[in-house]
């Protein structure tokens with residue numbers, strides 16, 4: 001019998017597997033898709049994520065990131081800059097990150113079974129969990145934003161707020177900055193992330209359903225630097241906010257986006273997945289699964305508070321217009337908040 005079976009071989013699932021293997025646990029991953037798998041994301045790793053990956057023996061290729069820059073799309077001469085104080089972040093293609101995690105898991109001997117865990121067939125008793133013909137003491141559900149396992153366990157909560165969505169596309173353009181640029185408009189944000197010598201990722205977060213090009217037109221200065229340079233198809237994700245009743249149901253524990261998601265606004269998805277993976281493995285190793293809920297809340301508290309506050313401000317147009325001017329007027333506060341998260 002395995003110590004830990006992981007449903008999902010994305011970054012969160014593989015990070016959990018790597019932590020488990022390093023802790024001496026007998027672990028396996030169930031993932032039917034070949035590696036790497038692409039998805040819509042901002043692709044900017046904060047310094048904390050870069051350090052956490054390095055501790056796991058992973059240094060993915062990418063572009064150094066020196067900080068965050070907020071810009072007003074109506075007047076991009078008005079901007080606020082916060083440099084990272086404790087080392088650089090890194091702009092990394094999602095596929096490169098996934099491949100690097102998969103290589104490290106393989107080096108540690110983690111088996112990846114090409115099967116999909118059907119949430120309806122997950123069975124657990126006082127001592128074990130069985131799914132897809134595999135039995136383990138615990139199951140980690142790392143099956144994504146709209147986790148079927150989470151839904152099957154009745155851990156989803158309704159969200160009364162208007163949904164937000166993400167769209168991402170790449171452009172074959174030399175980066176003009178070594179910061180992640182966040183362009184704010186009345187109804188959306190555009191995130192520009194340097195990924196390589198001739199590659200940028202542009203992710204747009206918005207509450208409005210419209211094609212990528214229509215959304216990009218809301219940022220005329222940015223759009224003017226990108227015409228004719230698209231190098232990938234558009235990928236989308238959402239609704240982004242996922243409210244979750246709890247992260248533990250018997251011997252099943254949720255990790256990564258499956259554990260609940262506020263918004264991509266602060267770019268901490270990978271950092272939180274890595275932190276959650278480490279806490280989950282610690283609780284499994286100690287055979288104290290109920291401790292995981294408290295550990296996850298503690299690890300994510302600062303992110304949830306700040307991100308939820310920004311999303312609530314964004315929902316009110318008059319308040320949203322104050323975000324960049326406030327960051328400009330209070331640079332020490334802006335830098336402190338960025339580094340507190342980073």
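Residue numbers (full-length UniProt numbering): 1 to 342.
Ideal Cβ positions, reconstructed from N, Cα and C, are used throughout, including at glycine.
Computed from a predicted structure; not experimentally measured.
Per the C-alpha coordinates, the member of 19, 121, 74, 164 positioned closest to residue 106 is 19. Out of 62, 276, 323, the CA that lies nearest to the CA of residue 140 is found in 276. Taking a cut-off of 8 Å for Cβ pairs, the segment 158 to 167 and the segment 245 to 253 do not touch, as fewer than three such pairs fall below it. The three-state secondary structure of residue 61, taken from DSSP, is coil.
Between residue 137 and the set 2, 274, 298, the nearest pair of CA atoms involves 2. Spanning the alpha carbons of residue 124 and residue 300 requires a straight line of approximately 28 Å. By the Cβ rule, the segment 197 to 207 does not count as touching the segment 26 to 38, because fewer than three pairs are nearer than 8 Å.
Annotation: the continuous alpha helix (DSSP H) that includes residue 292 extends over 291 to 314.
Contact check between the segment 179 to 187 and the segment 320 to 340: three or more CB pairs, one atom from each, fall below 8 Å, which counts as touching. Its Cα nearest to that of residue 63, the residue 50 stands out among 75, 57, 50.
Taken in chain order, the complete alpha helix (DSSP H) segments of 4 or more residues contained in the segment 54 to 142 are 94 to 107. In this structure, DSSP gives residue 337 a helical state, which the three-state scheme calls helix.
Remark: fewer than three beta-carbon pairs, one from each stretch, lie closer than 8 Å, so the segment 169 to 177 and the segment 279 to 299 are not flagged as touching.
Residue environment analysis places residue 150 among the buried positions, since at least 16 neighbouring C-beta atoms fall within 10 angstroms of its C-beta. Contact annotation, residue 171 with residue 223: C-beta distance approximately 11 Å; criterion of less than 8 Å not satisfied. Closest in alpha carbon position to residue 168, among 238, 85, 15, 282, is 238. For residue 193, DSSP records a beta bridge to 201. Bounds of the alpha helix (DSSP H) holding residue 269 are 269 to 285. Counting only the Cα atoms, residue 282 lies some 21 Å from residue 144.
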